[in-house]
RNA sequence: CGGGGAGUAGCGCAGUCUGGCAGCGCAUCUGCUUUGGGAGCAGAGGGUCGCAGGUUCGAAUCCUGUCUCCCCGACCA
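In my numbering, the protein residues as written are 11 to 593.
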């Protein structure tokens, strides 16, 4: 094998962050030449980056294969008809997320953002009998999503590498078994990658289905907020999380409802200033949404919510089975309430408005709400006495300090990067695409499905987001581009040349990959800075003690802790650590 | 989609207001010295100033159009 000499690796580092890098992982990978941006959300993976991605892929493959999953490869190009069959074409085009175009004959095609349709079709033609099930198929492939706003380097790209797997079972119970098996596969994968992560309950979103969990890499810079409880180990995506919220304040005496002038008071903050003795838990805001329903019809929905709480649009959208949900426009608010924005309330809404309430209104008495007239609010309003309580559902967002639903424990809000997501799909796709099997009694039944995704390129970015310092990246050993960074101080010095070559060859022979900095005319300082930047976990420095077979040993993660040891001892340590890390 | 900002050497930027030789730092190349935390000196190469059109004796600079990139908002009444 040819030695991995840095001087031959097209190795270029930048001293400054690129101007467009917003997060550390992106800036560091760009500075180290791992990544090069080609267009918004589209990146070239350089040779070092590709080694990392292959490491991750190797772990992903290994764990899937061990669990009996079958690897295959599906096309990236997909015909529209397939997506019309599942009914997702319009939704994805509406969301603007689908790359689609016409081929030379005028047929519409898209670049696959995911592969449920293709996979279900494949299985529909391939599977006839219960004897062929269960089966779990997977692929590692480039996915395409025209993100509304690509950002954060590899975190949210428009083209990215994803592992997607699909399970096929004969019953709901068997589907849950496959799902549980994949949960374990996912835990093993992220553990083996050397990442600290939290599995959380999740909303199933556009893909549809019932049970769903996300795997979040713990990182303060993560895009997603998650609700976790140390005491009960409850963990859920904020879109899904539920909690017991603090009880509202109660009025001292029951007063009749009355309307008060509240000029310019459009927010709870304004109203708190106006009525200083009224607690915010006795203010109910009414938020208006414009909704497009799944059948294409449109409407306006008003949702009541306690002043100190916030509405969770994902929960609301799911309950309404909405295709689109956004805050109502100024005009829509005026048409619904007859008032300027800021004075909406449940009493006297236009008849076309559907009124709902978040469960945070439960038990609130003598409350304030908008007057549906510019510059007025009602006070001392009671459900049951002054108006009927509208349909009340959990549309709330949990907040830090809430109590968990079952058991004793306080919820904390932390952040994470979603690197994996698993779903129980049920029969949604199999029914739409007629993927059925014959059971023991020759009865035709739809196949029960699950689907399971891992953002491979995102795993790499999140590893850096989680592990870096001011000098550069710190790769976990299992997924590092190389296990050992062999830093030769003075290339051309006979003793150093000989010892470096020996260390390189012996480690490679033992299956440990080595990046050998053999560059001439590069100062020691520059070599150390570059080594810090690329973050290879194990470091062996060949320098002044080369003649006596002495080297310096250090770990990138423990900068500053350097040991002078023999070359043989260093090799032994490197081999052992690489093996322990499963390389 | 809306709002803001930016496109000048591989990277980071100045120059644009007030039109007149296209600059600086890093990187690259050559030579000499240097070699355990981004070395020094001397020299060199590298640019259709995003693109198209216009104004002008003359445009990186002014005008029009266009493309691309980045940030903020997608928000609680």
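Ideal Cβ positions, reconstructed from N, Cα and C, are used throughout, including at glycine.
In this structure, DSSP gives residue 278 a helical state, which the three-state scheme calls helix. At a Cβ-Cβ threshold of 8 Å, residue 62 and residue 90 do not count as neighbours. With a threshold of 16 other beta carbon atoms within 10 Å, residue 286 falls short and is exposed. With a threshold of 16 other beta carbon atoms within 10 Å, residue 411 falls short and is exposed. Look at residue 244 here: in three-state DSSP terms it is coil, with no helix or strand label.
Put simply, the backbone Cα of residue 540 is about 16 Å away from that of residue 493. Setting aside the 5 residues that flank it on each side, residue 70 is surrounded in the same chain by 150, 173, 199, 464, 466, each with a C-beta closer than 8 Å to its C-beta; the list follows chain order. Contact check between the segment 505-516 and the segment 479-490: fewer than three CB pairs, one atom from each, fall below 8 Å, which does not count as touching. With contact defined as three or more Cβ pairs closer than 8 Å, the segment 362-381 and the segment 206-215 are not in contact. Look at residue 434 here: in three-state DSSP terms it is strand. The three-state secondary structure of residue 223, taken from DSSP, is strand. Per DSSP, residue 261 is not a residue of any alpha helix (DSSP H), being assigned neither H nor E. In the DSSP assignment, residue 173 falls outside any alpha helix (DSSP H) and within the unbroken beta strand (DSSP E) covering 169-179. Counting of Cβ neighbours within 10 angstroms places residue 362 among the exposed residues, the total staying below 16. Here DSSP, grouped into helix, strand and coil, assigns residue 163 to helix. For residue 568, there is no enclosing beta strand (DSSP E), as DSSP marks it with neither H nor E. By the CB criterion at 8 Å, residue 204 and residue 33 fall outside the cutoff.
By the criterion of a C-beta distance shorter than 8 Å, residue 571 is surrounded in its chain by 564, 565, once the five residues flanking it on both sides are discounted.
Of the other Cβ atoms in all chains shown, fewer than 16 fall within 10 Å of the Cβ of residue 307; this residue is therefore exposed.
Secondary structure within the segment 475-544: the beta strand (DSSP E) runs of 3 or more consecutive residues, fully enclosed, are 494-498, 524-527 (chain order). Counting the other Cβ atoms within 10 Å of the Cβ of residue 52 gives fewer than 16, which makes it exposed. Within the DSSP bridge table, the entry for residue 146 names 177 as partners. Spatial neighbours of residue 545 in its own chain (CB-CB distance under 6 Å, excluding positions within 5 residues in sequence) are listed in chain order as 482, 483, 484, 485, 566. The DSSP assignment places 87-89, 109-112 as complete runs of the beta strand (DSSP E) inside the segment 86-119, in order along the chain (cut-off: 3 residues).
Counting only residues of its own chain and dropping the five nearest sequence neighbours on each side, residue 133 has a CB closer than 6 Å to the CB of 178, 445. Only residues of its own chain outside the window of five on either side were considered, and among them 191, 195 have a CB closer than 7 Å to the CB of residue 77, listed in chain order. Per DSSP, residue 250 is not a residue of any alpha helix (DSSP H), being assigned neither H nor E. Here residue 208 has 226, 228, 236, 238, 245, 426 as same chain residues with Cβ atoms under 7 Å from its own Cβ, once five neighbours each way along the sequence are excluded. Put simply, of 471, 85, 143 the residue whose alpha carbon is nearest the alpha carbon of residue 121 is 85. Secondary structure note for residue 268: its beta strand (DSSP E) is the uninterrupted segment 268-271. Apart from the 5 residues on each side of it in sequence, residue 148 sits with its Cβ closer than 8 Å to the Cβ of 74, 79, 80, 81, 82, 173, 174, 175, 176, 462 in its chain, given in chain order.
Judged by pairs of C-beta atoms under 8 Å, the segment 289-296 touches the segment 254-261, as three or more such pairs exist. Fewer than three beta-carbon pairs drawn from the segment 104-118 and the segment 133-147 are found closer than 8 Å, and the two stretches are therefore not classed as touching. Bounds of the alpha helix (DSSP H) holding residue 583 are 577-590.
Taking a contact to require three or more Cβ pairs closer than 8 Å, the segment 386-393 and the segment 406-421 do not qualify as touching. Between residue 468 and residue 429, the beta carbon gap of about 5 Å places them in contact (Cβ cut-off 8 Å).
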